[in-house]
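Quick note: to get the working numbering, add 324 to the position in the sequence shown (first position is 1).
Contents: one structure, followed by commentary.
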Amino acid sequence: MDGQLVSQATKDELKIRIAQWVKEGKKAPHLAAILVGHNGASETYVGSKVRTCEEIGYVSTLIRLEDTISEERLLQTIRDLNNDDAVDGILVQLPLPKSISEQKVIDTIDASKDVDGFHSLNMGRMVQGLPGFVPATPHGIMLLLEYYKIDTRGMNAVVIGRSNIVGRPMSILLSGATNPGNCTVTICHSHTRNIKAICREADLIVAALGKPLFLTEDMVKEGAIVIDVGISRVPDASKKRGYAIRGDVDFENVAPKCSYITPVPGGVGPMTIAALMRNTFRAAEAKQSRKA
Ligand code: NAP
325 MDGQLVSQAT KDELKIRIAQ WVKEGKKAPH LAAILVGHNG ASETYVGSKV RTCEEIGYVS
385 TLIRLEDTIS EERLLQTIRD LNNDDAVDGI LVQLPLPKSI SEQKVIDTID ASKDVDGFHS
445 LNMGRMVQGL PGFVPATPHG IMLLLEYYKI DTRGMNAVVI GRSNIVGRPM SILLSGATNP
505 GNCTVTICHS HTRNIKAICR EADLIVAALG KPLFLTEDMV KEGAIVIDVG ISRVPDASKK
565 RGYAIRGDVD FENVAPKCSY ITPVPGGVGP MTIAALMRNT FRAAEAKQSR KA
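If you want it as structure tokens, here you go:
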């Protein structure tokens with residue numbers, strides 16, 4: 325599955341809708357991103373989110389804060405953005421310094437501007453199958469399955485990882501009464517016994533644990549669908565930057581057994597950004613209709 329291609333198609337569609345939206349005299353969606361500190365990976369992710377906003381025709385604001393910032397100052401910055409009518413979507417790039425409570429930060433974002441979908445209210449709505457913002461990475465994976473018209477009904481799905489931003493919401497979406505969805509889902513974590521045997525029974529595996537090349541050929545049955553969420557930097561002297569990006573799947577040996585598989589890079593990563601852009605447009609639309 326080509327995440328780059330599907331992401332581009334999603335962005336192209338949004339670009340057309342935004343052009344029309346602006347032509348109708350409405351304000352272009354505005355995404356405000358907060359980056360705390362100087363984590364290399366976070367800088368890269370925020371940079372591509374901001375660039376994508378420009379590409380599609382959104383307004384973006386990047387607020388950079390030092391990692392010495394107090395929790396209260398960060399919360400105040402978020403409250404200011406909540407109260408700023410010009411801002412439609414707010415994201416705080418994770419991880420945050422250890423002295424700051426991520427949950428408190430997330431739950432301070434106005435749920436109607438929480439385009440990352442991490443706010444407890446949006447999480448709760450997703451669990452209940454109600455409309456709200458769905459976390460961008462699992463949302464992007466659902467868009468990818470939809471694009472390739474993969475009928476997941478009745479499949480045995482295994483999600484490896486139970487984080488609030490990927491694994492847990494992924495398991496909820498795949499088990500939902502939707503298509504894609506309607507799977508029988510097993511969620512695995514670091515205490516799971518017999519993970520190899522569980523994976524071998526799976527029609528669909530989502531690997532989201534952050535352990536490079538964890539999912540090997542002997543863990544995958546013939547014809548399975550494998551989605552690799554992992555992004556790890558591993559030292560590689562042959563690369564100019566000194567590291568290579570690896571997923572959680574041993575792509576080279578697993579791919580020949582699969583009916584569909586996502587590569588890293590070029591799979592889930594671009595879809596995450598596309599899904600975030602969709603959420604931001606939805607936030608702007610919802611605000612517009614509240615005003616009308
Ligand atoms: P996380 O918060 O560290 O969660 C990792 C999960 O994997 C935990 O639930 C952990 O179990 C489980 N786990 C760890 N080792 C395991 C093992 N040996 N066997 C089974 N389960 C194991 O990570 P995350 O934020 O979900 O991210 C996961 C990966 O996806 C990372 O590489 C991250 O960089 C990447 N990511 C990619 C995107 C994208 O757009 N492509 C977006 C977000 C994240 P416990 O709960 O028991 O500790």
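Idealized CB from N, CA, C, for every residue including glycine.
The structure displayed is predicted, hence computed values, not measured ones.
Hey, would you say residue i sits closer than 8 Å to residue j, going by beta carbons?
i	j	result
L537	R570	yes
L338	F605	yes
A532	V550	no
Q427	S366	no
P421	G361	yes
K437	D409	no
V458	L398	no
E546	K520	no
V573	L468	no
E395	S425	yes
A526	N480	yes
I340	M601	no
R524	M543	yes
I597	K373	yes
G500	G448	no
P393	I433	Note that residue 393 is Ile in the sequence shown here, rather than Pro. Going by C-beta atoms, I393 is not nearer than 8 Å to I433.
M595	G464	yes
A352	I342	yes
E541	P504	no
I474	Y584	yes
DSSP three-state call for residue i: helix, strand or coil?
i	result
Y472	coil
G369	Here residue 369 turns out to be Tyr, not Gly, going by the sequence shown. Y369 falls in the helix class under three-state DSSP.
R570	strand
A526	coil
G491	helix
C377	helix
P559	strand
V482	strand
R388	strand
L329	helix
V411	coil
H463	helix
D404	helix
L398	helix
V360	strand
V544	coil
D434	coil
T617	The chain is shown from 325 up to 616; residue 617 falls before or after that span and cannot be answered.
V439	coil
How many whole angstroms separate the CB atoms of residue i and residue j, which I take to be in contact at a CB cut-off of 8 Å?
i	j	result
L359	V370	5 Å
Q328	G590	5 Å
L539	V578	6 Å
A435	L445	4 Å
A548	V558	No, A548 and V558 are not in contact; Cβ-Cβ is about 25 Å, not under 8 Å.
A607	V439	5 Å
I511	G534	I511 to G534, Cβ: 15 Å. No contact.
E378	S384	7 Å
How about residue i: is its Cβ closer than 7 Å to a heavy atom in the ligand SAM?
i	result
I342	Absence of the ligand SAM from the depicted structure is noted, with the ligand NAP being the only ligands included.
Mind listing which residues have their beta carbon within less than 6 Å of any non-hydrogen atom of the ligand NAP? Chain order is fine. Put simply, the residues with a CB less than 6 Å from any heavy atom of the ligand NAP are T461, I484, G485, R486, S487, I489, V490, G491, C512, H513, S514, H515, T516, I519, A532, L533, G534, K535, V553, G554, I555, S556, V592, G593, T596, in chain order.
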